[in-house]
Each structure stands twice: as structure tokens, then as C-alpha cells.
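Q: Would you mind keeping the following structure in view while I ask a few things?
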Amino acid sequence: MDLNTIRSVRQPRERHELTLAPGEDFLGGGSWLFSEPQLGLTGLVDLTSLGWPPIEVDDDVLRIAATCTFTELAAVEARAGWRAHPLLRQCCTALLGSFKVWNTATVGGNICLALPAGPMTSLASALDATAVIWTPDGGERRSPVLDLVVDVQTTSLERGELLRSIEIPIERMRSATAYRKIALSALGRSGTVVIARLDADGTFAATVSGGTTRPVQVRFDAVPEASALAAAIEQIDCWYDDLHGAPDWRRAMSVLLAEECRVELLAGSTAASAATHSEDPR
């Protein structure tokens, strides 16, 4: 829709141009920003003009620019050992939008919007991603994405702070993952999303989002028993309540989906162990 309060759109080229004037805010893709009136907003600072590379891969980190679109993220090619690679597209498809939305919606915008059903929050939290945040004084701070989203449409970002990128450890890209999502209707918003991860050292983590007001992760030193995992999920105290699902339903479905993820990862771990032993010449 048209934002009839906007009087200026700036396209910065350098970081020093990112200081917000009164009434201004940052514009990523704008897929949500232009979906409803933005009362009090009189200016936009278009981040796409900065030309950040959407994806960068170092030895230790997969770096995703805040301006990376869903289309660009879903197209990232797998690399040797990236067992978590399917999760990138799985989380992108959790946003039920047209190709037009995918070509516009950005990773950073989805996280900063902080909606419970934000799939990029699910992805980044599940893979222990770090948010790289530019501060207005020209500095930088870092925060786990798990801690960046603190409530419904609320983050720990201060006025003028900017999410520059998220960094996923390559070690986490090598983890085995299991993904589950449920909604009240076939094309409905996520009722709850559960992503479980089994790391190389045997650590098991399950991250619940979509059905909670903020992402929550439970961790174990090894794949837990079903009862232990269920108990940990049931202790979550921030279940969301809206027309896409009641808290008790979201809790019950999260327990169910977490168990499915646990069984999937346990089966994969057992199969991998059996294959290793079968190849042992001794």
C-alpha cells in the first residue's frame, strides 16, 4: 500500500549516512512495512543501496547480510559436510508468500520485525547464529539471535541500531537437523515450529518458535529420553495466544513435534554409527 506520510527516502552509500533523523526508520525489503499504515513515520533509509553481498562464506562462518532476500538464501548451494543445509530452504518456505514476496522480504527485516512466526528467527536461533549490530556511534556489538528477539514485535535493538548481518558457525552447518512445523490450516501462519539439532560432539538442542512470544532453546549433553525432552518443552512459559493457536494447543503440538525430531535425529545417529562400525577393518 502507499505510505502517505513518507516525505523522503534516502539511499545511503556509506555507513556514516545511516544516522536516523527524527521520523526516519530503516527500510530493508519492505514486504511488511508497506502492508499497513506506518503512523508517525515520515522518512525511510533504504539499506539495499549499500550493496552488501547477500551471502559470504569463511572458514568458520556463514555470513548472511540483513538485506539478503528469501530467494537468495534459499538458493545457497550446499557445501561438503553441510548437513544442516536443507534447513535454509525449509525455513524460507515457512513464509507462505508469492515469488514477489520472496524476492523482496529480507532476512534482517524478518528477524527485526520479531513476529512469533518469523521463520528467519527460527532458523537463526536454531543454528546459534550471532547478530552483528551496528551502533549509531560507529561501533558494533554482537548478540545471539536467540536473545535479540525478546517479545512479540520487540527486540533488544536500541533506536538507531542496525542489524548488519547474522553469522552462523560453520560447525552448526555441519550438524544434523530435523524440522517440523504445524498450522491450523494448510496455508495458515505457523502455529509452532520446532527445529532440533544434533552436533558432532553429541549435544542435542531443540528450538521452539512460532508458538512462543520469543524463541526458546532447550539443550542436552546427548539425545535425551522422550520424557526429559517433553518435560523441558512443557516448562516453556511464553506460549503465544492468538487466532492461529491457543497456548495449550501450541504446547501440546510442540511436545509432539519435538519428539518426532528427536526420533528422526536418533535414528540418523544410530544409522551413521552402524555404518562407521561396518567399515571398521578390525
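Heads up, the sequence shown is in this note's numbering, so the first residue is 1217 and it goes up one at a time.
Yeah, the Cβ is synthetic: ideal placement off N, Cα and C, and Gly gets one too.
All values derive from a computational prediction rather than experimental measurement.
#1: Just how far apart, CA to CA, sit Val1409 and Thr1393?
#2: In whole angstroms, give me the CA-to-CA distance for Asp1453 and Ser1470.
#3: Quick check: the Cα distance between Ala1399 and His1460, rounded to an integer number of angstroms?
#4: Please report the straight-line C-alpha distance between Phe1436 and Phe1250, rounded to a whole angstrom.
#5: Once DSSP output is grouped into helix, strand and coil, what is the label at Trp1350?
#6: Just verifying my parser: in three-state terms, what is the DSSP assignment at Glu1374?
#7: My output table needs one value for Ala1314: the three-state DSSP class, helix, strand or coil.
#8: Per the contact definition of three or more C-beta pairs closer than 8 angstroms, is the segment 1302-1313 in contact with the segment 1332-1349?
#9: Quick check: the segment 1288-1307 against the segment 1231-1242, are there 3 or more CB pairs under 8 angstroms?
#10: Suppose the cutoff is 6 angstroms on Cβ atoms and the five residues either side in sequence are ignored; what does the same chain contact list for Arg1226 look like?
#11: Terminal residues of the continuous beta strand (DSSP E) containing Ala1392?
#12: For Leu1445 and Gly1256, I'd like the C-alpha separation in whole angstroms.
#13: Find out if the Cβ-Cβ distance for the pair Gly1420, Arg1467 is shorter than 9 angstroms.
#14: Rounding to the nearest angstrom, what Cα-Cα distance links Ser1224 and Leu1482 in this structure?
#15: Run the CB neighbour count on Glu1233, radius 10 Å, all protein chains shown included, and call it buried at 16 or more, exposed below.
#16: What is the residue span of the alpha helix (DSSP H) that Ser1338 lies within?
#17: Identify every run of the alpha helix (DSSP H) within the segment 1426-1484, keeping only runs that are complete inside it and at least 4 residues long; order them along the chain.
#18: Just to confirm, are Pro1431 and Val1361 a CB contact at a threshold of 9 angstroms?
#19: Please classify Leu1403 as buried or exposed, where buried requires at least 16 neighbouring CB atoms within 10 angstroms.
#20: Give the range of the beta strand (DSSP E) segment to which Thr1309 is assigned.
#21: Using the beta-carbon count (16 or more within 10 Å), is Arg1279 buried or exposed?
A: With the given structure in hand:
#1: 13 angstroms
#2: 13 angstroms
#3: 7 angstroms
#4: 42 angstroms
#5: strand
#6: coil
#7: Correcting the residue type first, residue 1314 is Ser in the shown sequence and not Ala. Three-state DSSP puts Ser1314 in coil, outside helix and strand.
#8: yes
#9: no
#10: Val1261
#11: Ala1392 to Ile1398
#12: 45 angstroms
#13: Correcting the residue type first, residue 1420 is Phe in the shown sequence and not Gly. Contact: no.
#14: 54 angstroms
#15: exposed
#16: Pro1335 to Ala1342
#17: 1442-1450
#18: yes
#19: exposed
#20: Where Thr1309 is concerned, there is no enclosing beta strand (DSSP E), although the alpha helix (DSSP H) it sits in stretches over Pro1302 to Thr1309.
#21: buried
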